[in-house]
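See structure below.
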Amino acid sequence: MRNAPSARHGEAFLPNLSRIAGRLALAALILILCAIAVFPFYWMFVTSIRPSGQLFAYPPEMLPSANSVFSTYVTIFQDTALGTWLWNSIRVALGTAILASFIGAMMAYSLSRFRFQGRGFTEYLLLATQMFPGILLAMPMYVLFSKIGLLNSLPGLTVAYLALLVPVATSLLKTFFDGIPVALEEASLIDGASRIGTFFRITLPLSLPGLASTFLFCFIIAWDEYLFAQMFVRQPGNWTVSVGLASFSGEYVTPWDQVMTAATIVTLPAAIVFLFLQRYLVHGLTAGGVKG
Amino acid sequence: MALTQTSARVAGVRTVHYADSQDRWLPAVMVLPFLLAITALVIIPLLWGIRISFTNSRIIGRAFTEAFTLANYQSVLTDPDTWHSLYVTAVFSLGTVIGSIALGLVTALVLTRAFPGRGIVRTLIILPWAVPHVVAALIWQWMYNPNYGVVNYAIGWIPFVTSQPNWLSDPNLALPAIIILNIWKTYPFATLVLLAGLQSIPDELYEASEIDGAGPVRRFLDITLPGLKHVLAIVVLLLTIWSFGNFVFIFLMTQGGPAGATNTLVVKVYFEAFRFFRAGPAFAMGSLLLLVAVLLTLAYAFIVRRGKDA
């Protein structure tokens, strides 16, 4: 099996030996790069299934222990409030993602289809709100929320997240709507359909993939969010999963097997969604819609 | 009907050339929820924060005296800690930008070559970007553990190194340790954007320079780097903005310590407000940060627009 010699890298002119050496070097580099990306995840998982008696062994065992325990994945729900925190996170993330996608879709459609004053400013505002360090918004919002009694509640946190996610949803959806030919809608309008009818029968079905990815992305940002959640919600019963997770560390002795078990559980949905969405994200990021 | 037309005008909506009666009020209805949400949740809080910065508020969330004062700004700007925090923030951002782009560029260059399993490698490399921030902080905290962590174990393999550094408690090592975590979290993004940039450079350029006898280094400097200029500018700015605003990593790993070694501006603002009960100065610093964020955003918008025109 010989690959065609690549003209770009001049390999055809090199002797065979150094080409093999080059191949090996590339293979080694690829392995190192993979290790950098993956090792911390591997370590998280291996720690999560290690019997707690073997956690503090030195030197640390690189491979999973022979007597690995998966029972932590069950007992963690009995020993900690992880189940409650997951449920809180799901509710907050669902609520914000639905509202943000809905509000964002209407605004994105307007930005993409209607001409009105202040459009340029709105687009700058969309960008800016995604760029501000979260704390600049979180602190004054904390003051205002404390006045109207929205602190310490999950609905309050859901509303607060709208500040972060409505701009994200609007930016992402605008690029999707921009990609749908106006001609399709005009044809429908000429055929006598109303604007709303056209929106529901033509535009909406065409933008369903965009709506779905926007919804998922918003869900994951809310799932990941820590600063607002940690500031706004004090009672452990109302914590979201990121606050709950963080509370494990810094205890007198950190139970690393439990922490890493919980971390694995929290990572799974985020990782799956991210891998699914990566194509859209890079495009959105370089085209103007942003959130890290 | 009169009411909806008014609201259309309030929202600044001017409809064009449609005959359908829905077109008069529909845009206003569609823009309104957005305007309400952004006004209530972004604009009013930001203005409120600026207002607090001119009062002598102490405990965040409590009533403040109304008297106008510039004292907060004075105390913030004359406090040497502020300038130290600015320095820490700059090192943190610069370290992240350099490390993330270097690692991202190497990864992207490797990914432009054809090799078996490239698709899988590309997917694996995105994983650090996908992991929740709190999880990333916890994993690395465990890896940095001075007694049982893998980092110190790996360091033990290096010849002549016998020390077991206490990464997060050593004033000289804490900041580099968190920069490494931040590089790990952000370099997949740099990789993907740089990869897209590399793939947009036409192959003919390489072929032509090959005929002219240019070596690989020359080709990299004369073709690859200039071709990536625009994408690189975007990556540098976004990484700067994200590092500048990063709260989670530092808050969870070191709380700004040891001895202020990792006390970035954002973390300092938080502790001023919530630990030291100096809400006024905290909001004054916040307002100054807001100014910086606005400038960075303008720079970003400028670069993106120039790329679209080019």
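Protein chains in written order, with this note's numbering: chain F, -16 to 275; chain G, 82 to 391.
Even for Gly, the Cβ is constructed at its ideal location relative to N, Cα and C.
With a contact defined as Cβ atoms closer than 8 Å, residue 25(F) and residue 244(F) miss out at about 15 Å. Between the stretch 168 to 188 of chain G and the stretch 263 to 275 of chain G there are three or more C-beta pairs closer than 8 Å, enough to call the two in contact.
Residue 149(F) is not a Cβ neighbour of residue 200(F), given a cutoff of 9 Å.
Three or more beta-carbon pairs separated by less than 8 Å are not found between the stretch 331 to 342 of chain G and the stretch 113 to 127 of chain F, which leaves the two stretches without contact.
For residue 248(G), not one C-beta of chain F is nearer than 9 Å to its own C-beta. Residue 374(G) belongs to the set of residues whose beta carbon lies under 9 Å from a beta carbon in chain F. Distance from the CA of residue 214(G) to the CA of residue 294(G), rounded to the nearest whole angstrom, comes to 47 Å. A check of alpha carbon separations from residue 133(F) across 10(F), 195(F), 221(F), 30(F) identifies 221(F) as the nearest. Taking 9 Å as the CB threshold, residue 4(F) stays off the interface with chain G. Secondary structure at residue 330(G): helix, using DSSP grouped into helix, strand and coil. Taking a C-beta distance under 9 Å as the contact criterion, residue 343(G) and residue 173(G) qualify as a contact pair. A Cβ of chain G is located within less than 9 Å of the beta carbon of residue 86(F). In the three-state reduction of the DSSP assignment, residue 257(F) falls in the helix class, which pools H, G and I. The Cβ-Cβ distance between residue 256(G) and residue 309(G) does not fall below 9 Å.
Of the residues 278(G), 303(G), 193(G), 277(G), the one whose Cα lies closest to the Cα of residue 286(G) is 303(G).
Here residue 98(F) is exposed: its Cβ has fewer than 16 other Cβ atoms, across all protein chains shown, within 10 Å. By the rule that beta-carbons nearer than 9 Å mark a contact, residue 280(G) does not touch chain F.
Leaving aside the five residues that flank residue 246(G) on each side, the residues in its chain whose CB is nearer than 8 Å to its CB run, in chain order, 227, 233, 236, 254.
Runs of beta strand (DSSP E) with 3 or more residues, each lying fully within the stretch 118 to 195 of chain G, are absent.
In this structure residue 196(G) touches residue 13(F) by the C-beta definition: roughly 7 Å separates them, less than 8 Å.
Excluding residues up to 5 positions away in sequence, 59 lie with their Cβ nearer than 6 Å to the Cβ of residue 241(F) in the same chain.
Distance from the CA of residue 237(F) to the CA of residue 64(F), rounded to the nearest whole angstrom, comes to 16 Å. Put simply, the CB of residue 219(F) is far from chain G, with every gap to its CB atoms at 9 Å or more.
In this structure, residue 345(G) lies near residue 331(G), with their beta-carbon atoms less than 9 Å apart. Take the alpha-carbon of residue 219(F) and the one of residue 349(G): they are about 25 Å apart. Nearest Cα to residue 148(G) within the set 361(G), 368(G), 381(G), 366(G): 361(G). Straight-line measurement puts the Cα of residue 206(F) at about 18 Å from the Cα of residue 323(G). Counting along the chain, the unbroken alpha helix (DSSP H) around residue 82(F) starts and ends at 65 to 96. One alpha carbon belongs to residue 140(G), the other to residue 105(F), and they sit about 34 Å apart. The alpha-carbon of residue 141(F) is positioned some 16 Å away from that of residue 117(G).
In the DSSP assignment, residue 199(G) falls within the alpha helix (DSSP H) that extends over 199 to 211.
Assigned with DSSP and collapsed to three states, residue 53(F) falls in coil, not helix or strand. Bounds of the alpha helix (DSSP H) holding residue 2(F) are -1 to 31. The beta carbon of residue 118(F) is closer than 8 Å to those of 210 in its chain, skipping five residues each way along the sequence.
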